[in-house]
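Structure record follows, encoded as structure tokens.
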DNA sequence: TCTGTGCTTGTTAGCGCTCACAATTTTACG
DNA sequence: CGTAAAATTGTGAGCGCTAACAAGCACAGA
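Residue numbers (the numbering used here), protein chains in the order written: chain A, 37 to 388; chain B, 37 to 388.
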């Protein structure tokens, strides 16, 4: 019934104020939940806002407050499960905290590409950047760059003094290894990921430490490149060793594979070699990809909580932006061991 | 040597103007490549911009031009290869065209979730939205919503009158099917994806059409859910049929699987059943995921050019935003057949 | 020399919002 | 009741930029 202002463009705060019979500032107060507004006024304004379909202009707001409330995400390889989930987690967390995120996906993390991505984001006035950079080279390139805003890494390790958050890969590997040792295996073999990846290195380290702590023999390392094929090839080598090691001291009865995809390849190679899992060789993975539960047999693995990884990275970033902390902090998220059929307990260790 | 203005905050256009001895408007002209600026002035201004490290304030620009140059992306299931690549393609294309993108990832494409995502994006004044919604239900929900800006769908089919762009799934399926028929197979079996997915339906349709056009028998349909496990199960059924159909008219010698992941499962089931690929049964997939080339054997499949899918969707969206077209258009991207070892030509069709 | 045309530059007024402050009303309490 | 304190509301300026217009200048042709 009230007369509407010009329909040709989106209503402004002043339009709302005029219709509600208050000042534009009062409208602003209502919108930002300022305490000193009477309930009656607040209700009236809210009603007019609804009625006009008013929506705050974020550009004007950003100009006046000098805050864009926008964050940038730089990620490499977002087509893989891990990075893709992490980016999704970051975006969700940022959205919950009232920030807009914009993601830039890089094919390769060269310094040039990283610099360009930063320029792009800086041009839009992002207040902070989350960099999902699991490779050592990428983190190094990132650290060398002078950023126009705070930068937080995810899965970037804590070798350099960039603040960041990562999963406790080391602990995850220990959990897996200890679980296998506790299940009655004399030692645990390991198929690692590529050397430049921080995740890969930490998992290898955790595995080795767990073995040493338990006084178990440390078998030679096999290496893959995260792909199922490389796991398959490693699996073939392992199958050969199983036969060779039969009846000897610490036989090959358990394998910790650095990710689930490679584990898939290992499982298949073992199966083709006539070895049963877990009866002959127990196999564990890392990541808990959605398919892992349906592997033959269902895979024991480490679950990574990407949502909380995202939440923590955003929390850390906002701490820096809003000046709650100056030091470069490093948060670590605890992983969770998921035990499935591929590592069922050995009832009676045979032939030892 | 020139005196720098207050360092405590980022330099503004006026700062640049003062140092360069021109008006702020001239600086603005240089920045927006306006033709009527003398070479000398342009050079001087450019140099000062460099020197001060000046960067245009996008919020102020957006406020003055009433253009945010921001686009939204709404996607479901971005942890899968297809959607993840598509989103990356969209983001890259938008960036090339000078737009900022912000992505919202949904777990499930309910109408509520879609509406919330739109509200979020609308709050930041996005000028358009790209929705990556491969499920029929999601497109329907989207069409029912009244959007605050132009919306373009990717892989949303052209059933409803939303403009969009999609891969020619039908053609892809035909290419695969015709390739198999041309290789000497009497007919081609099919493992389809879940029924609610538009991609799945179009692939099934293309397969069926190609068979009918060639006058080939249309075998019963098997169905999976995109996962390797479901492919494995379908593969087991297929293996059973192979034995049953030996020596009969149109035997089971070729299978078109609706995506590469399921094809992986099929390959394994066939292998376990003692059947060789491609000698006994040829297998083809769809998507060309990075692993497909390394499957045992390397998989014949359909490559989807996600980058051009992204580029086209952004092109279409900007056409709508900038008023170059009013009608809802639907673009279709042609797929590419990648022939690999899994469908090697049959030299002499045995036993027929 | 004068006028007209095109090129180059400067001036002014907002875009829609928030901040700091001022003005007004209400409430509290001696 | 009166007055101080608190709560509520309004006013003006300005965030950094672009659009529209105005002004200055050089150069051509009459």
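Don't be surprised by glycine CBs; every beta carbon is placed ideally from N, CA and C.
At a cut-off of 8 Å between C-beta atoms, residue 206 (chain A) does not count as an interface residue with respect to chain B.
Separation of residue 56 (chain B) and residue 45 (chain B) (C-alpha to C-alpha, rounded to the nearest whole angstrom) is 19 Å.
Put simply, of A:345, A:231 and A:381 the residue whose alpha carbon is nearest the alpha carbon of residue 200 (chain A) is A:345. Contact check for residue 212 (chain B) and residue 373 (chain B): beta-carbon distance about 7 Å, within the 8 Å limit, so the pair qualifies.
In this chain, the beta strand (DSSP E) harbouring residue 372 (chain B) covers 372 to 374. Ranked by Cα distance from residue 220 (chain B), the first of B:180, B:105, B:314 and B:279 is B:314. Annotated three-state conformation of residue 242 (chain A) is helix, per DSSP. CA-CA distance, residue 185 (chain B) to residue 132 (chain A), rounds to 23 Å. In the assembly as shown, residue 125 (chain A) is a buried residue. Its beta-carbon has 16 or more other beta-carbons within 10 Å.
Within the region 107 to 132 of chain B, the complete alpha helix (DSSP H) segments of 4 residues or longer fall at 117 to 132, listed in chain order. For residue 259 (chain A), no alpha helix (DSSP H) run applies; the uninterrupted beta strand (DSSP E) run containing it begins and ends at 257 to 259, by DSSP. Using a Cβ-Cβ cut-off of 8 Å, residue 95 (chain B) counts as an interface residue toward chain A, since at least one Cβ of chain A sits closer than that to its own. According to DSSP, residue pairing for residue 165 (chain B) in a beta bridge involves B:108 and B:187. Between residue 317 (chain A) and residue 291 (chain A), the beta carbon gap of about 6 Å places them in contact (Cβ cut-off 8 Å).
Neighbourhood of residue 131 (chain A) in chain B, by CB distance below 8 Å: 140 and 156, in chain order. The criterion of a C-beta distance shorter than 8 Å is satisfied by residue 274 (chain B) and residue 225 (chain B).
Close to chain A, meaning a Cβ-Cβ distance shorter than 7 Å, are the following residues of the region 317 to 336 of chain B: 327 and 330.
Nearest neighbour of residue 174 (chain B) by Cα position, chosen from B:342, B:162, B:147 and B:155, turns out to be B:147. Three or more Cβ pairs closer than 8 Å define a contact, and the region 68 to 83 of chain B falls short of that threshold against the region 95 to 110 of chain B.
In chain order, 235, 238, 239 and 242 place their CB closer than 7 Å to the CB of residue 205 (chain A), counting only its own chain and leaving out the 5 sequence neighbours on each side.
Segment contact: the region 149 to 156 of chain B against the region 321 to 341 of chain B, fewer than three CB-CB distances shorter than 8 Å; contact not assigned. Comparing C-alpha distances from residue 49 (chain B) to each of B:93, B:87, B:69 and B:78 shows the shortest one belongs to B:93. For residue 174 (chain A), the enclosing alpha helix (DSSP H) covers residues 172 to 180.
Under the DSSP assignment, residue 342 (chain B) falls in the alpha helix (DSSP H) whose first and last residues are 342 to 357. Judged by DSSP secondary structure, residue 101 (chain B) falls within the alpha helix (DSSP H) whose first and last residues are 94 to 101.
By the C-beta criterion, the region 108 to 116 of chain B is judged to be in contact with the region 164 to 171 of chain B, since at least 3 inter-stretch pairs fall below 8 Å. Leaving aside the five residues that flank residue 295 (chain B) on each side, the residues in its chain whose CB is nearer than 7 Å to its CB run, in chain order, 229, 262, 321, 322 and 323. For a Cβ distance threshold of 8 Å, residue set 141 of chain B lies close to residue 128 (chain A), ordered along the chain. Residue contact with chain B for residue 345 (chain A): absent (no Cβ-Cβ distance below 8 Å to any residue of chain B). The Cβ-Cβ distance between residue 368 (chain B) and residue 202 (chain B) falls below 8 Å.
Excluding its 5 nearest sequence neighbours in each direction, residue 370 (chain B) has C-beta neighbours in its own chain below 7 Å: 204 and 207, listed in chain order. Residue 129 (chain B) and residue 156 (chain A) have their alpha carbons spaced roughly 13 Å apart. The Cβ atoms of residue 190 (chain B) and residue 349 (chain B) lie closer than 8 Å to each other. Under the three-state reduction of DSSP output, residue 142 (chain B) falls in the strand class. Between residue 136 (chain B) and chain A, the shortest Cβ-Cβ separation is below 8 Å. C-alpha of residue 268 (chain A) to C-alpha of residue 163 (chain B): approximately 48 Å in a straight line.
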